[in-house]
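**Student:** Residue numbering for the sequence shown follows the working numbering, starting at 1485 and increasing by one per position. A virtual CB, placed ideally from N, CA and C, is assigned to each residue, including glycine.
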Amino acid sequence: MIRTGKPTILIAMGLMLGLAACEDSAANAKADAEAKANAAAAEKTAKTKERVAHNVGCLTALRWQKAALSTAGIGDLKIYDDYFHEKLDTALGSQMISEPPAPMLTRSTTQDYLDWAYPDLVKTKFTAGKDADGDGTVSSAERNGAGFNTVASCVLEVAEAGKGALAGSDKVARATKIEALRGQLKDKGV
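(1) Three or more C-beta pairs closer than 8 Å, one from the segment 1518-1532 and one from the segment 1544-1558: is that the case here?
(2) Spell out the partners DSSP gives ILE1581 in its beta bridges.
(3) So for GLY1541, helix, strand or coil by DSSP?
(4) From GLN1579 to THR1590, what distance separates their C-alpha atoms?
(5) On the criterion of 16 or more Cβ atoms from any shown chain inside 10 Å, does ILE1495 qualify as buried, or is it exposed?
(6) Compare the beta carbon distance of PHE1568 and ASN1522 with 9 Å and say whether it is the shorter of the two.
(7) List the endpoints of the continuous alpha helix (DSSP H) containing PHE1568.
(8) Would you tell me roughly how many angstroms separate the C-alpha atoms of ASP1619 and GLN1549, rounded to the nearest one?
(9) Below 8 Å on the Cβ atoms is my guess for ALA1636 versus ARG1666; work out the distance and round it to an integer in Å.
(10) Leaving out the 5 sequence neighbours to the left and right, which residues in its chain are closer than 6 Å to THR1634 when beta-carbon positions are compared?
(11) Within the same chain, show all residues whose beta-carbon is closer than 6 Å to that of TYR1564, passing over the 5 residues directly before and after it, in chain order.
(12) Spatial neighbours of ALA1515 within its chain, please: CB distance less than 8 Å, with the 5 preceding and 5 following residues excluded, ordered by chain position.
(13) Where does GLY1652 sit, in a helix, a strand or coil, going by DSSP?
(14) Less than 7 Å between C-beta atoms, sequence neighbours within five positions excluded: which residues of the same chain meet that for ILE1558?
(15) Go through its chain and collect everything with a Cβ distance to PHE1632's Cβ below 7 Å, but skip five positions before and after it.
(16) Could you check what DSSP says for ILE1495 in three-state terms: helix, strand or coil?
(17) By DSSP, does ALA1645 sit in helix, in strand, or in coil?
(18) Can you give the beta carbon distance from VAL1606 to GLY1613, rounded, assuming they're within the 8 Å contact cut?
(19) Please report the Cβ distance between THR1575 and THR1611, rounded to the nearest whole angstrom; I am assuming they are in contact, meaning their Cβ atoms lie under 8 Å.
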């Protein structure tokens, strides 16, 4: 004999709420897992874009100052170019990056992308310096200062990776040569 009454109805409602709470827990756990996966994917994408931007910036900076670097005593420029191309290929892996108006960037379209990025990076990153000394004019060294620093830091990165003429264990000598490179870029750079 089944009794029906207030206590039985209350117990049944409690069981239904309990089951509903369990279902909500499962749904919440699934939503949390999806959110974590999406966040991890977004973080991976952001890191990839950051590494790609760095390597594209270095390749572009080296191209921008190719004439000055060829006489700067840093060795064969192909070593630097190959280093950053390899890092760019590693960063890209099998991914494709497409952010219009930029052309799609893949391992096979790297040169097209670099050709597209070159004028913009030169204009917006390398030659966008301000009046640093407050004299009311922007000298060539001030205008190009950020670009010269980018070139020098990219050369330093390759040297610290053990490649190029500046490679070696003597960090003081390398720092001195990098400072000399900065000076040469200010004197002979574009």
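**Tutor:** Taking the structure as given:
(1) no
(2) LEU1589
(3) helix
(4) 7 Å
(5) exposed
(6) no
(7) 1561-1576
(8) 27 Å
(9) 5 Å
(10) ALA1545
(11) LEU1546, VAL1642
(12) none
(13) Here DSSP, grouped into helix, strand and coil, assigns GLY1652 to coil.
(14) Answer for ILE1558: VAL1639, GLY1648, ALA1649, LEU1650, LEU1665, listed in chain order.
(15) ARG1666, LEU1669, LYS1670, GLY1673
(16) helix
(17) coil
(18) Between GLY1613 and VAL1606 the Cβ distance is about 12 Å, and since that is not below 8 Å, they are no contact.
(19) A small correction: the amino acid at residue 1575 is Ala; Thr does not occupy that position in the sequence shown. No, ALA1575 and THR1611 are not in contact; Cβ-Cβ is about 26 Å, not under 8 Å.
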